[in-house]
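Following: one structure in structure tokens, then a few remarks.
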Amino acid sequence: MSYGPGLQSLIDQTISVITNDGRHIVGILKGFDQATNIILDESHERVYSTKEGVQQLVLGLYIIRGDNISVVGELDEELDANLDLSKLRAHPLKPVIH
Amino acid sequence: MLFFSYFKELVGKEVTVELKNDLAIRGILHSVDQYLNIKLENTRVVDQDKYPHLLSVRNCFIRGSVVRYVQLPPDGVDIDILHDATRREARGG
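In order, the protein sequences belong to chains A and B.
Under full-length UniProt numbering, the final residue of the first sequence carries the number 98; numbering is consecutive throughout.
Under full-length UniProt numbering, the final residue of the second sequence carries the number 93; numbering is consecutive throughout.
What follows is the structure, encoded as structure tokens:
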């Protein structure tokens, strides 16, 4: 009865990860485990600011530790293509406070 | 196990999950697991202008450890059944 998080359906898909320190990382889910540790390929971080558009920082192949993960979202490529990141202004996400 | 069973009853209902980073995500409850990790479908962030970070996301997995509140539809809650289950759990634990 101890199966891991239902992330199997997202394997090899592009996902959007929100971390506990408020970062937003996008990449392809390659693996995960019971603790929600994940392996993200071709990943980049999207840095939001109120003064300029979204900055994208290339990261590459990453392991993100499960206890630092808040949200794993299935990125809809069509919706994402419609976004103009250079025009997007937003405050960075707040860190998680337990 | 009580809340795990309780959430399983709510699958298919629309809920709003408020996280510990103040983000609030509304969606249909797709599934829940023993850690109370939540999978939502048809998601929309509550304040999309303030939090455009998840604009391209329609289905998401929320780690149980980061949930502050799960806001439920009032008609989705049978208070009496919850009371009984809680009493039983309190007696057994």
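Glycine residues also receive a C-beta, built at the ideal position from the N, C-alpha and C atoms.
- Of the candidates 98(A), 44(A) and 71(A), 71(A) places its Cα closest to the Cα of residue 54(B).
- It is roughly 8 Å from the alpha-carbon of residue 33(B) to the alpha-carbon of residue 6(A).
- Chain B places no beta carbon closer than 9 Å to that of residue 65(A), leaving this residue out of the contacts.
- Neighbours of residue 36(A) in chain B, taken as residues whose beta carbon is under 8 Å from its own, are 37 and 63 in chain order.
- Residue pairing of residue 57(A) in beta bridges, as defined by DSSP: 45(A).
- Within the region 52 to 78 of chain B, the residues whose Cβ lies closer than 8 Å to some Cβ of chain A are 52, 53, 54, 55, 56, 57, 58, 59, 60, 61, 62, 63, 65 and 66, listed in chain order.
- Per DSSP, the unbroken beta strand (DSSP E) holding residue 70(A) starts and ends at 69 to 75.
- Contiguous beta strand (DSSP E) elements confined to the UniProt domain "Sm" (2 to 76) of chain B occur at 14 to 19, 24 to 32, 38 to 45, 57 to 62 and 67 to 71, taking only those with 3 or more residues.
- For chain A, the residues of the region 15 to 37 of chain B that bring a beta carbon within less than 9 Å of one of its beta carbons are 19, 20, 21, 22, 23, 25, 30, 31, 33, 34, 35 and 37, in chain order.
- In this structure residue 25(B) touches residue 40(B) by the C-beta definition: roughly 6 Å separates them, less than 8 Å.
- Residues 23 and 45 of the same chain have their beta carbon placed closer than 7 Å to that of residue 51(B), with the five preceding and five following residues left out of the count.
- Not a single CB atom of chain B sits nearer than 9 Å to the CB of residue 42(A).
- The region 84 to 91 of chain A makes no contact with the region 63 to 79 of chain B, as fewer than three CB pairs between them are under 8 Å.
- The DSSP-derived three-state label of residue 86(A) is coil.
- For residue 86(B), the enclosing alpha helix (DSSP H) covers residues 79 to 92.
- Chain-order list of chain B residues neighbouring residue 52(A): empty, with the shortest C-beta distance near 14 Å, by a criterion of under 7 Å.
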